[in-house]
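What follows is one structure encoded as structure tokens, with my remarks underneath.
Chains as they are written, first to last, in the working numbering: chain U, 1 to 312; chain X, 1001 to 1312.
Set out below in structure tokens:
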């Protein structure tokens, strides 16, 4: 296990529910074909640097053992990873514009995801930290029903697609979670507010106990009843493929909280530093490659570097 | 005198050289006509919250005593403010786009600025802190010649126009100053580098001892031989007119350094917090109105607020 040396206590497991996918990625500089992707893959890999990851998702008949081995190498509990032999794995094809500041979806094939319902194994039901990775809000609600009694600390993520086509379900999710994570253009789309401070305040009014708005290369803001926190991004100079950086941020953040078993305002602020450092790895190569190979020492070093360049 | 209570020692004077102007400003929401503006006006007012301001600039026959009184109210030494009765004061008309992220120059009338040469009164030549506000780089060089012996700490600011039409002179200025301040689009224009980290490194190679790249609502980066520092912006929710915010940032920053008589990396980092708070006032109303009326206590409160939301 390659884990950061942070808290003295045994880290609590992090349960990640989301997608596992094959992606085709086109950037202005290079192309990746049928590479491992999906919100749960990135998030659980990121979380595994801090705490044991438990995975709930679905893969198809084409998801070779070698991919499962990549999850096993990071100590995942994969009891909740369903295999559906009736079809191929969820597939997404996206293309980034110059400077990576916009991307278009060129193709989506739901495949086995079309009939997927996330079901938590009994062994997972004691999880105290739950990440609802980016999947349909209706499916996120189905997970929330299963943990209604256990009451874990819940982080939820989403993307613009669900604001367009499942806004009512998404608003129900937002009203029931502890920490809602969203990027700046999506927060504007959801709240109708361009100003990031006003948008953050509106997110809290929607019921989430706290919210983080991510601004990509410009950093992130935390909105919390105990205060506001702004953190610059880690200064990446070699961006290769930003896919999964948001999932990695969320997974790393929840992993850090689980490692310290602390969900206070101050703990979330510190977790954002580590989450930013973790996510900065993801963008430096296609797929989960750099995130997997980075190692705990390199992530710790970047976290220290980010602290040094932001703290007086 | 309305000055922040910072250092115990007597603050050193700040010499500001730049433009004094009348502006017509058109924003998506309102319009300001023949309002007090110019880089030196904003910078010297901002600096005066920290240290005594000395002003070098020129005004025309239409610059009424009431404007001079506004400078006097902030304790300016105006021995270096020339009055040229042969014509009107420099005039600029600009229009901001939706969201204030771009502005167009609609009209410029140089007027008395056409023949202006900044000459430092003998009394100013002992100034240890010099701000070269935004004027033609050729004029900035003329000031540098006058302080070649005194060797003050020099901050220089510029705008895109001079990169277009006086790049050689501007590069000479950059090579001879201690701190060069520029915004992100201008740094890209000057260095050819989109990535802010790489652009900052290139600025240092141009000879300035340190550089700050401002990103507007996304904060600012300091590049210095002793380290990198990133600071988020103060979260303004009521932006009315951003004209002069950059000048106010630079003036406030140099004023803070002069007040502590400290130009170390750490001092510049702390100065950026106060400069950001000071500049945030400027944008909340047309002209220098809010900057003048804000008062030291409100600027101190915003500085404290910015520290609280960025420091763990």
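Where a beta carbon is used, it is the ideal one built from N, C-alpha and C, also for glycine.
Predicted model, so just to flag it, every value in this text is computed and none were measured.
Whole-angstrom Cβ separation of residue i and residue j, contact assumed at under 8 angstroms?
| i | j | result |
| --- | --- | --- |
| residue 1053/X | residue 1077/X | 7 angstroms |
| residue 127/U | residue 15/U | 4 angstroms |
| residue 49/U | residue 4/U | 6 angstroms |
| residue 1092/X | residue 1068/X | So it is not a contact: roughly 20 angstroms between Cβ atoms. |
| residue 214/U | residue 180/U | Not really, about 11 angstroms apart at Cβ, beyond 8 angstroms. |
| residue 1240/X | residue 1284/X | 6 angstroms |
| residue 280/U | residue 32/U | About 19 angstroms; that fails the 8 angstroms criterion. |
| residue 1311/X | residue 141/U | Not quite, the Cβ-Cβ distance comes to about 38 angstroms (not below 8 angstroms), so this is no contact. |
| residue 276/U | residue 233/U | 6 angstroms |
| residue 1051/X | residue 1259/X | 5 angstroms |
| residue 1170/X | residue 1159/X | Not confirmed; about 10 angstroms, so no contact. |
| residue 138/U | residue 111/U | At roughly 18 angstroms, the Cβ-Cβ gap does not stay under 8 angstroms, so residue 138/U and residue 111/U are not in contact. |
Count the other CB atoms within 10 Å of the CB of residue i; is the residue buried (16 or more) or exposed (fewer)?
| i | result |
| --- | --- |
| residue 1149/X | exposed |
| residue 1011/X | buried |
| residue 1101/X | exposed |
| residue 1225/X | exposed |
| residue 39/U | buried |
| residue 1013/X | buried |
| residue 264/U | exposed |
| residue 1302/X | buried |
| residue 295/U | exposed |
| residue 28/U | exposed |
| residue 1306/X | buried |
| residue 1134/X | buried |
| residue 1192/X | exposed |
| residue 329/U | The first residue shown for chain U is 1 and the last is 312, placing residue 329/U beyond what the model contains. |
| residue 1157/X | buried |
| residue 330/U | Given a span of 1 to 312 for chain U in the structure shown, any question on residue 330/U remains unanswerable. |
| residue 1270/X | buried |
| residue 1154/X | buried |
| residue 6/U | buried |
| residue 208/U | buried |
| residue 9/U | exposed |
| residue 1045/X | buried |
| residue 1106/X | exposed |
| residue 1161/X | exposed |
| residue 308/U | exposed |
| residue 1030/X | exposed |
Can you check whether the CB of residue j is closer than 8 angstroms to the CB of residue i?
| i | j | result |
| --- | --- | --- |
| residue 197/U | residue 1237/X | yes |
| residue 129/U | residue 257/U | yes |
| residue 94/U | residue 84/U | no |
| residue 1178/X | residue 1211/X | no |
| residue 1244/X | residue 1231/X | no |
| residue 1175/X | residue 1206/X | yes |
| residue 247/U | residue 43/U | yes |
| residue 89/U | residue 122/U | no |
| residue 131/U | residue 20/U | no |
| residue 1047/X | residue 1227/X | no |
| residue 1229/X | residue 1204/X | no |
| residue 1136/X | residue 1172/X | no |
| residue 35/U | residue 26/U | no |
* Could you please tell me which residues of the segment 85-102 of chain U, in chain order, have their CB closer than 8 angstroms to any CB of chain X? => 99
* Asked: Are at least three pairs of beta-carbons, each pair with one atom in the segment 1056-1068 of chain X and one in the segment 1112-1119 of chain X, less than 8 angstroms apart?
  -> yes
* Scan the segment 179-196 of chain U for residues whose Cβ lies nearer than 9 angstroms to a Cβ of chain X and list them as they occur along the chain. => 194, 195 and 196
* To do: With 7 angstroms as the C-beta to C-beta threshold (strictly closer), list the residues of the segment 268-289 of chain U near chain X in chain order.
  => 269 and 270
* Would you list, in chain order, the members of the segment 21-35 of chain U that have their beta-carbon closer than 9 angstroms to a beta-carbon of chain X? => none
* What residues in the segment 241-261 of chain U bring their beta carbon closer than 8 angstroms to a beta carbon of chain X? -> none
* Determine which residues of the segment 1102-1113 of chain X have a Cβ less than 9 angstroms from any Cβ of chain U, and write them out in chain order. => none
* Within 9 angstroms of chain X by C-beta, residues of the segment 205-219 of chain U in sequence order -> 215, 217, 218 and 219
* Asked: Of all the residues that make up the segment 1141-1158 of chain X, which are near chain U by a beta-carbon distance shorter than 7 angstroms?
  -> Those residues of the segment 1141-1158 of chain X placed with their C-beta closer than 7 angstroms to a C-beta in chain U do not exist.
* Asked: If you measure beta-carbon to beta-carbon, which residues of the segment 228-242 of chain U are closer than 7 angstroms to chain X?
  -> 228, 229, 230, 232, 235 and 237
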